[in-house]
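Undergrad: 0 is the number of the first residue of the sequence shown in numbering that gives the first Met the number 0; add one for each residue after it. Following this message is one structure expressed as structure tokens.
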Amino acid sequence: MNYNLLKGKKGVIFGALNEQSIAWKVAEKAVEQGAIITLTNTPIAVRMGEVDELSKKLNCEIIPADATSVEDLQEVFRRSMEVLGGPVDFVLHSIGMLPNVRKRRTYDDLDYDMLDKTLDISAVSFHKMIQVAKKMNAVAEYGSIVALSYVAAQRTFFGYNDMADAKALLESIARSFGYIYGREKNVRINTISQSPTPTTAGSGVKGMDKLMDFADRMSPLGNASADECADYCVMMFSDFTRKVTMQNLFHDGGFSSVGMSLRAMATYQKGLEEYMDAEGNIIYG
Ligand SMILES: NC(=O)c1ccc[n+]([C@@H]2O[C@H](COP(=O)([O-])OP(=O)(O)OC[C@H]3O[C@@H](n4cnc5c(N)ncnc54)[C@H](O)[C@@H]3O)[C@@H](O)[C@H]2O)c1
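This is the structure we're talking about:
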């Protein structure tokens with residue numbers, strides 16, 4: 000539905016790779032709500048992925064950049080301000096790379112070069128992005144910067160490995176930089192902690208299908224989809240959230256507040272029959 004929530008706003012979206020990507024959905028919804036945007040991803044993702052298709056559909060420019068390179072980030076913001084006509088109102092960091100997880104290196108046998116890469120791409124790039132933008136005055140007053148996180152930053156999840164450390168750092172950067180950017184320019188910085196979602200990055204996590212099933216059973220509202228995550232991002236870019244900053248916002252159907260649900264518990268039993276009333280309705284209490 001079009002509410003024109005982002006009418007007149009300009010934004011930069013990092014991380015759209017294919018139609019499954021959360022950033023892809025955010026780009027579509029941001030434009031649908033009236034924004035003009037630029038897209039950026041690594042040169043290889045731009046060559047090999049389907050971003051070109053998205054840029055044609057949304058009539059926006061793609062700026063190839065490695066988010067770990069300060070020079071590349073400077074070019075992203077320089078060019079974005081040029082084509083969009085001034086400082087941007089929102090930035091999405093939707094970037095992750097988990098080499099130790101992909102290579103099945105366990106947490107007690109990490110490859111440290113891969114750990115450096117994980118932290119640099121998945122977390123430090125957020126700091127670099129914000130620092131570059133601030134120095135270039137590339138984000139307008141009352142702008143909104145959002146990165147995507149996962150609940151493994153707070154609690155341990157089998158198979159998520161060193162990516163949990165990267166997410167903890169990512170969320171900390173949002174708080175530390177949120178203070179400075181808020182005080183000086185009224186720019187807000189938040190992370191959205193999203194349900195497990197079937198994407199290219201998500202598929203790297205061991206047992207992802209089972210994790211998704213478990214999370215879905217645990218969450219009273221069920222897992223949040225990439226589309227729903229995009230709606231939340233749009234809300235965070237809009238003027239309706241002007242005083243929300245330095246937060247890690249759970250967008251997970253309630254998962255993070257549940258210790259055990261009936262549906263999860265029932266997977267260890269034959270079924271839900273013993274928890275139903277005479278009419279066959281499940282008693283959740
Ligand atoms: N999929 C999930 O289950 C899930 C859950 C919570 C949070 N997230 C987070 O959402 C974000 C987006 O991931 P996704 O699930 O949409 O997967 P995705 O694979 O579609 O997106 C990851 C993106 O990161 C980009 N990227 C990798 N290295 C980069 C670099 N050096 N510079 C610039 N871009 C680079 C990739 O090209 C890709 O576009 C990630 O931060 C991820 O951790 C995902």
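Glycine residues also receive a C-beta, built at the ideal position from the N, C-alpha and C atoms. As the structure is a prediction and not an experimental result, all values here were calculated from the model.
When you compare only the Cα positions, how much space is there between Tyr283 and Arg187?
TA: Within the sequence shown, residue 283 is the residue found at index 284, counting from 1. Within the sequence shown, residue 187 is the residue found at index 188, counting from 1. Cα to Cα, Tyr283 sits roughly 38 Å from Arg187.
Undergrad: Arg187 by DSSP, collapsed to three states: which one?
TA: One-based indexing of the sequence shown puts residue 187 at position 188. Note: Arg187 maps to strand in three-state DSSP.
Undergrad: If we ignore side chains and look at the alpha-carbon of each, how far apart do Ala34 and Gly14 end up?
TA: For the purposes of this step, residue 34 is taken as residue 35 along the sequence shown, with counting starting at 1. For the purposes of this step, residue 14 is taken as residue 15 along the sequence shown, with counting starting at 1. Each residue's Cα considered, the two are about 17 Å apart.
Undergrad: Starting from Val50, trace the alpha helix (DSSP H) both ways and give me its first and last residue.
TA: Within the sequence shown, numbered from 1, the residue matching residue 50 stands at position 51. Here the alpha helix (DSSP H) through Val50 covers 50-57.
Undergrad: May I have a chain-ordered list of the beta strand (DSSP E) segments no shorter than 3 residues that lie completely inside the region 76-144?
TA: Whole beta strand (DSSP E) segments, 3+ residues: 87-92.
Undergrad: Kindly give me the distance between the Cβ atoms of Val135 and Phe76, rounded to whole angstroms, as I take these residues to be in contact under 8 Å.
TA: For this step, residue 135 is matched to residue 136 along the sequence shown. For this step, residue 76 is matched to residue 77 along the sequence shown. Checking the sequence shown, residue 135 turns out to be Met, not Val. Right, their Cβ atoms sit about 5 Å apart.
Undergrad: Determine the contact status of Val150 and Asp251, defining contact as a CB-CB distance below 8 Å.
TA: The residue given as residue 150 occupies position 151 in the sequence shown. The residue given as residue 251 occupies position 252 in the sequence shown. Yes, Cβ-Cβ distance for Val150 and Asp251 is below 8 Å.
Undergrad: Distance check for Ala223 and Pro195, CA to CA, integer angstroms please.
TA: Locating residue 195 in the sequence shown gives position 196, where the first residue counts as 1. Locating residue 223 in the sequence shown gives position 224, where the first residue counts as 1. Cα-Cα distance, rounded: 8 Å.
Undergrad: Among the residues of its own chain, which have a CB less than 8 Å from the CB of Glu74, if the five just before and after it don't count?
TA: For the purposes of this step, residue 74 is taken as residue 75 along the sequence shown, with counting starting at 1. Only Ile62, Ala64 meet the Cβ criterion.
Undergrad: What is the residue span of the alpha helix (DSSP H) that Phe239 lies within?
TA: Locating residue 239 in the sequence shown gives position 240, counting from the first residue. Note, Phe239: premise wrong, no alpha helix (DSSP H); not H, not E.
Undergrad: For Ala22, which residues from the same chain have a beta carbon less than 7 Å from its beta carbon, with the 5 sequence-adjacent residues on both sides left out?
TA: Working through the sequence shown from its first residue, we reach residue 22 at position 23. Around Ala22: Ile12, Phe13, Gly14, Ala15, Leu91, Ser93.
Undergrad: Taking the alpha carbon of Lys24 as the point to measure from, which residue in Leu261, Leu271, Asp226 has its own alpha carbon closest?
TA: Locating residue 24 in the sequence shown gives position 25, where the first residue counts as 1. Among Leu261, Leu271, Asp226, the Cα nearest to that of Lys24 belongs to Asp226.
Undergrad: Excluding sequence positions up to five away, which residues of its chain have a Cβ less than 8 Å from the Cβ of Lys205?
TA: As a first step, residue 205 is located in the sequence shown; it is residue number 206 there, counting from the start. So the qualifying residues of the chain are Val100, Arg103, Phe157, Gly158.
Undergrad: Taking only the alpha-carbon atoms, compute the straight-line gap between Gly85 and Leu5 and give it to the nearest angstrom.
TA: Residue 85 sits at position 86 when you count from the first residue of the sequence shown. Residue 5 sits at position 6 when you count from the first residue of the sequence shown. If you take the alpha carbons of Gly85 and Leu5, they lie about 16 Å apart.
Undergrad: Assuming Gly10 and Val87 make a contact with CB atoms under 8 Å, what is their CB distance in whole Å?
TA: Residue 10 sits at position 11 when you count from the first residue of the sequence shown. Residue 87 sits at position 88 when you count from the first residue of the sequence shown. Right, the Cβ-Cβ distance comes to about 6 Å (below 8 Å), so this counts as a contact.
Undergrad: Between Ser121, Thr199, Leu147, Lys242, which has its C-alpha nearest Ala165's C-alpha?
TA: As a working mapping, residue 165 is identified with position 166 in the sequence shown. When each option's Cα is compared against that of Ala165, the closest is Ser121.
Undergrad: Report the residue from Lys127, Gly270, Leu97 whose alpha carbon sits nearest the alpha carbon of Lys116.
TA: Reading the sequence shown from its first residue, position 117 is the one you call residue 116. Closest by alpha carbon: Leu97.
Undergrad: Enumerate in chain order the residues of its own chain whose CB-to-CB distance from Ala139 is below 6 Å, with the five nearest sequence positions on each side excluded.
TA: Within the sequence shown, residue 139 is the residue found at index 140, counting from 1. For Ala139, where only same-chain residues beyond five positions count, the Cβ hits under 6 Å are Pro86, Asp88.
Undergrad: How long is the line joining the alpha carbons of Ala167 and Ala173, rounded to whole angstroms?
TA: Residue mapping note: residue 167 aligns to position 168 of the sequence shown, counting from 1. Residue mapping note: residue 173 aligns to position 174 of the sequence shown, counting from 1. Going from the Cα of Ala167 to the Cα of Ala173 covers about 10 Å.
Undergrad: Hey, Ser148 and Leu169 are a contact pair by Cβ (cut 8 Å); roughly how many whole angstroms apart?
TA: By one-based count along the sequence shown, residue 148 stands at place 149. By one-based count along the sequence shown, residue 169 stands at place 170. Yes, they are in contact, since the Cβ atoms of Ser148 and Leu169 sit about 6 Å apart, within 8 Å.
Undergrad: Let me confirm a value: Phe239 is counted as buried when at least 16 other C-beta atoms fall within 10 Å, else exposed. Which label applies?
TA: Taking the sequence shown and counting its residues from 1, one reaches residue 239 at position 240. The residue is exposed, with fewer than 16 neighbouring Cβ atoms inside 10 Å.
Undergrad: Taking C-beta to C-beta, are Asn17 and Thr199 nearer than 8 Å?
TA: Position 18 of the sequence shown holds residue 17. Position 200 of the sequence shown holds residue 199. Yes, Cβ-Cβ distance for Asn17 and Thr199 is below 8 Å.
Undergrad: Under the DSSP definition of a beta bridge, which residues are partnered with Phe249?
TA: Sequence index remark: in the sequence shown, residue 249 carries index 250 (1-based). DSSP output for Phe249 lists Ser192 as bridge partner(s).
Undergrad: Can you have a look at Tyr2 and say buried or exposed, based on whether 16 or more other CB atoms are within 10 angstroms of its CB?
TA: As a position in the sequence shown, residue 2 is number 3, starting the count at 1. Tyr2 comes out exposed.
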